[in-house]
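Read through the structure below, which is laid out as structure tokens, and then see the notes.
There are 2 protein chains.
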Amino acid sequence: MAKILLHKENLFHNLNLILKQAGKIQKVAIVLKDNAYGHGIIEISSLLKEFGIKKAVVKNFKEALKIKDYFDYILVLSNKNFNNFHHNFHFALNCFELIKDLPNNINVHIKVDTGMHRNGILPEQLEDTFFKLVEKNINITGVFTHHKNADNILSKDFEQQNLLFSKIKEEVKKICKRFSIKLPAFHSCNSSALFRHKSIEDDFVRVGIATYGYLETNSKTLPNLKPIMSLWANKVSSRILKKGESVGYGGTYTSKKDISISTYDIGYGDGFLRLNENQHYTTPKGFKVLGRVSMDFLTLNSNEEEVCIFDNVKNLAKIHNTISYEIITTLSKDIRREITK
Amino acid sequence: MAKILLHKENLFHNLNLILKQAGKIQKVAIVLKDNAYGHGIIEISSLLKEFGIKKAVVKNFKEALKIKDYFDYILVLSNKNFNNFHHNFHFALNCFELIKDLPNNINVHIKVDTGMHRNGILPEQLEDTFFKLVEKNINITGVFTHHKNADNILSKDFEQQNLLFSKIKEEVKKICKRFSIKLPAFHSCNSSALFRHKSIEDDFVRVGIATYGYLETNSKTLPNLKPIMSLWANKVSSRILKKGESVGYGGTYTSKKDISISTYDIGYGDGFLRLNENQHYTTPKGFKVLGRVSMDFLTLNSNEEEVCIFDNVKNLAKIHNTISYEIITTLSKDIRREITK
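From first to last, the protein sequence lines stand for chains R and C.
Just so you know, the first sequence maps onto residues 1 to 341 in the UniProt record's numbering.
Just so you know, the second sequence maps onto residues 1 to 341 in the UniProt record's numbering.
Given below as structure tokens:
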């Protein structure tokens, strides 16, 4: 059976880099959405708890329920089924129109659209939003935004969004004074933004991809993050592929000499994105994927019982014309996760 | 919440085409591996049972256990944890060397490599394989092979593999007579092969992708299969994107005029493969994906509450330079499945 190894030392190494940048552990919220970016939400939560992380960010209520015992504070980013099930749950308000659907006494983080133009209320709706939420007896526990381009140091979007968010913070402070309500927590940094700031003024940062050892940015001064996931597959069957013989669907790989090949139990049905004959991938030990990856198998010029398919997905992301996030996040939940040192 | 609709009428339509081609229902085994190619293994199993299908094919023991109450006969294709848990389970033997690991009294289908050179014993190992299995008191209930190129009518692989498999069948008949054992079931057809044969001589066919409404072949006479899955997403948030404003990561879509846009709750974290700004996709109703698909969201020039993202994945497969199989199979199990007429 294929398996995913989670390298604890690498995770703790990344967390220490994040912690150093954020300033203190109370300022660190780790993003665990989409099965912790494919790593395994329970396994990663247990390790984060061991490290001392108190805050987590997830996509929906279902994910929040899974990890409720691991964290003191959980922010749910994209849910329309708001509820006050747990006092530690906080729900993002992504749209002014959704206020009418909120139950009383819920914890809400107001998302403000500072330039990404995807989710969030408009800056000019800020006061109205506070008014309507206070009227409904809703606890406004956070105000936040999201960067559209923090990974691109050549763009001015980052500075512009920061400037706008600073103004929003000032306005929120005034509004809170007027309504005599507690100041909410402010947050705006994703992984790239965290490592671009000299110091963090916000109350906390939301760190996803850097936790897992990647950062998609064109900055030349990158933190020394280490991927924490490696993917391993097991041999199903071996044979000699004779000179002139082909292997797999379409027979797209033909051998120029007699070689020893084996089939391994991983394929795109497991979320390992399909490689075809035009995409050439080599494993960390130098084995080549021969021909097409099929739904449940791939073939390598190897005879080993167990093979590391990747311990870093940067090359795969390049081959697939995508980002590291997609390669790791699509991996099936059914693959066994194992924590190692 | 995003959802997957499963169109029962389309499934039954496809099954009728398959049944007509196979000859009788006892000759039809439906492949349900990888969560029924992403459709939902339980939902599809319940519909297949209603239709009257008796045989199923899965990848591993875990999948077999899930559907054991729906079928009379389950073939497990890729397992190394062989066991005799259930008298209706049959395990593929993918390699001669694995015989030593087989427990007694297990049901085994011998896979023979007739040219794909991926899994299976070699043709010259056939007699030895029978000898060793009989010696271990193992029930040889099937002998089968897999086509490497049945979807390519320009290649001669299909005929060559058929010819070799015919010879293997003759040899098996002689061996069984000699050992005084019951003749195993023969099977070799996948979806493409099924629709290339005039009539089916084998004992049954293993139909995967055609069940779900697709066939990846260059034949000009295609059966009229209908996709049974459609993917739907829900609106999270709406706004006006003003002339000159951009949306999403990198701001890669910039509007030439004021337009109404909305964000919907589906992304590559749900297994809907990532589209970037160079890949242009339009939904069945004509809405365009604006900019990049992110982990949990995509943006459309729509204001509708619920939008059909696809009801046929052929275009998406083309855009992603892959096959329909991958687009449907990678969809997350966490997306709700609903059966509709």
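For glycine and all other residues, C-beta sits at the position ideal for the given N, C-alpha and C.
All figures in this text were calculated on a predicted structure; none of them were measured in a lab.
Next on the checklist: Please tell me whether Met229/C has its Cβ less than 9 Å away from any Cβ of chain R.
Outcome noted: Numbered from 1 along the second sequence, position 229 holds the residue referred to as residue 229/C. By this cut-off, Met229/C is not an interface position.
Checklist entry - Who are the Cβ neighbours of Lys68/C in its own chain at under 8 Å, not counting the five residues just before and after it? => result Taking the first residue of the second sequence as 1, we reach residue 68/C at position 68. Contacts found: Ile74, His86, Asn88 and Phe89.
Checklist entry - In the stretch 227 to 252 of chain C, which residues sit with their C-beta less than 8 Å from some C-beta in chain R, listed in chain order? => result Asn234, Val236, Ser237, Ser238, Arg239, Leu241, Glu245, Ser246, Val247, Gly248, Tyr249, Gly250 and Gly251
Item to check | Inter-residue spacing [alpha-carbon to alpha-carbon] between Leu177/C and Met295/R | outcome: One-based indexing of the second sequence puts residue 177/C at position 177. One-based indexing of the first sequence puts residue 295/R at position 295. Here residue 177/C turns out to be Lys, not Leu, going by the sequence shown. Looking at the two C-alpha atoms, the distance is approximately 37 Å.
Checklist entry - So does the stretch 164 to 176 of chain C actually touch the stretch 205 to 212 of chain C, counting three or more Cβ pairs closer than 8 Å? => result no
Item to check | For Lys111/R: DSSP bridge partner residues | outcome: For the purposes of this step, residue 111/R is taken as the residue at position 111 of the first sequence. Note: Lys111/R sits in a beta bridge opposite Phe144/R.
Next on the checklist: Taking the beta carbon of residue 345/R as the centre, do at least 16 other beta carbons fall within 10 Å, making it buried, or is it exposed?
Outcome noted: Beyond the ends of chain R as shown, which are 1 and 341, falls residue 345/R; an answer cannot be given.
Item to check | CB contact below 9 Å: Cys308/C versus chain R | outcome: If you number the second sequence from 1, residue 308/C lands on position 308. By this cut-off, Cys308/C is not an interface position.
Checklist entry - For the candidate residues Leu225/C, Cys95/C, Asp34/C and Phe158/C, whose alpha-carbon lies nearest to that of Leu11/C? => result Here residue 11/C is taken as the residue at index 11 of the second sequence, counted from 1. Leu11/C has its Cα closest to that of Leu225/C, out of Leu225/C, Cys95/C, Asp34/C and Phe158/C.
Item to check | Min CB distance Phe297/R to chain C below 9 Å | outcome: As a position in the first sequence, residue 297/R is number 297, starting the count at 1. Yes, Phe297/R counts as interfacial toward chain C.
Item to check | Cα-Cα separation, Asn139/R to Asn84/R | outcome: Taking the first sequence and counting its residues from 1, one reaches residue 139/R at position 139. Taking the first sequence and counting its residues from 1, one reaches residue 84/R at position 84. When rounded, the distance between both Cα atoms is 11 Å.
Item to check | C-alpha distance - residue 354/R paired with Met1/C, whole-angstrom precision | outcome: As shown, chain R starts at 1 and ends at 341. That puts residue 354/R outside it, with no answer to give.
Checklist entry - Would the stretch 111 to 127 of chain R and the stretch 153 to 166 of chain R be scored as touching if the rule is three or more Cβ pairs under 8 Å? => result yes
Checklist entry - Identify the residues that DSSP records as bridge partners of Tyr73/C: which are they? => result To locate residue 73/C, count along the second sequence from 1; it is residue 73. Note: Tyr73/C sits in a beta bridge opposite Lys55/C.
Item to check | 8 Å CB neighbourhood of Glu245/C in its chain, flanking five on each side removed | outcome: The residue labelled residue 245/C in the question sits at position 245 within the second sequence. Cβ within range, chain order: Thr254 and Ser255.
Checklist entry - Nearest to Lys257/R by CA position, among Val293/R, Tyr264/R, Asn218/R and Lys243/R, is which residue? => result Your numbering for residue 257/R matches position 257 in the first sequence. Ranking the options by Cα distance to Lys257/R, first place goes to Lys243/R.
Item to check | Ranges of the beta strand (DSSP E) found wholly within the stretch 174 to 199 of chain C, counting only runs of at least 3 | outcome: 185 to 187
Checklist entry - Is the Cβ of Thr329/R closer than 9 Å to any Cβ of chain C? => result Taking the first residue of the first sequence as position 1, residue 329/R is located at position 329. Cβ-Cβ to chain C under 9 Å: yes for Thr329/R.
Checklist entry - From which residue to which residue does the beta strand (DSSP E) around Ala29/R run? => result Here residue 29/R refers to the residue found at position 29 of the first sequence. Run containing Ala29/R: Val28 to Val31, per the beta strand (DSSP E) assignment.
Checklist entry - When the cut-off is 9 Å and only beta carbons count, does Asn218/C lie next to chain R? => result Position 218 of the second sequence, counting from 1, holds the residue named residue 218/C. Closer than 9 Å: no.
Checklist entry - So which residues of chain C does Asn152/R contact, with C-beta pairs closer than 9 Å? => result Within the first sequence, residue 152/R is the residue found at index 152, counting from 1. Simply Gly250.
Checklist entry - Mind listing which residues of the stretch 315 to 326 of chain R have their C-beta closer than 8 Å to chain B's C-betas, in chain order? => result Looking for chain B here will not work: the only protein chains present are R and C.
Item to check | Buried versus exposed, by CB contacts within 10 Å (16 or more), Asn60/C | outcome: Reading the second sequence from its first residue, position 60 is the one you call residue 60/C. With 16 or more other Cβ atoms within 10 Å, it is buried.
Checklist entry - Taking DSSP as the reference, what is the three-state secondary structure of Asn60/C? => result Start at 1 with the first residue of the second sequence, and residue 60/C comes out as number 60. DSSP places Asn60/C in coil when its eight states are reduced to three.
Checklist entry - Buried or exposed: Asp265/R, going by 16 or more other Cβ atoms within 10 Å of its Cβ? => result For the purposes of this step, residue 265/R is taken as residue 265 along the first sequence, with counting starting at 1. Counting Cβ neighbours within 10 Å, Asp265/R comes out buried, since at least 16 surround it.
Next on the checklist: Could you check whether the Cβ of Asn162/R sits closer than 9 Å to any Cβ belonging to chain C?
Outcome noted: For this step, residue 162/R is matched to residue 162 along the first sequence. Output row for Asn162/R: interface = no.
Next on the checklist: Short of 7 Å Cβ to Cβ, which residues in the stretch 263 to 280 of chain R face chain C?
Outcome noted: Thr263, Asp265, Tyr268, Gly269, Gly271 and Arg274
Item to check | Coil, strand or helix - Ala22/C by DSSP | outcome: Residue numbering aside, residue 22/C sits at position 22 when the second sequence is read from its first letter. Ala22/C: helix per DSSP, three-state reduction.
Next on the checklist: Give me the subset of the stretch 16 to 44 of chain C whose CB atoms are less than 7 Å from a CB atom of chain R, sorted by chain position.
Outcome noted: Lys33 and Asp34
Checklist entry - Is it true that the CB of Phe51/C sits closer than 9 Å to the CB of Leu15/C? => result Sequence index remark: in the second sequence, residue 15/C carries index 15 (1-based). Sequence index remark: in the second sequence, residue 51/C carries index 51 (1-based). Yes.
Checklist entry - Can you tell me whether DSSP reads Phe158/R as helix, strand or coil? => result Position 158 of the first sequence, counted from the first residue, corresponds to residue 158/R. DSSP places Phe158/R in helix when its eight states are reduced to three.
Item to check | From Ser192/C, Gly248/C, Val247/C and Pro103/C, residue whose alpha carbon lies closest to that of Asn218/C | outcome: Position 218 of the second sequence holds residue 218/C. Nearest C-alpha to Asn218/C: Ser192/C.
Checklist entry - Taking 9 Å as the CB-CB cut-off, is His117/C touching chain R? => result Residue mapping note: residue 117/C aligns to position 117 of the second sequence, counting from 1. It does: the Cβ of His117/C has a partner Cβ on chain R nearer than 9 Å.
Checklist entry - How is His87/C classed by DSSP in three states: helix, strand or coil? => result By 1-based counting over the second sequence, the position of residue 87/C is 87. Here His87/C sits in coil by DSSP.
Checklist entry - Which two residues bound the contiguous beta strand (DSSP E) that contains Ala233/C? => result Counted from its first residue, the second sequence places residue 233/C at position 233. From DSSP, the beta strand (DSSP E) with Ala233/C extends over Met229 to Leu241.
Item to check | Asp128/C at chain R interface by Cβ criterion, 9 Å | outcome: One-based indexing of the second sequence puts residue 128/C at position 128. Closer than 9 Å: no.
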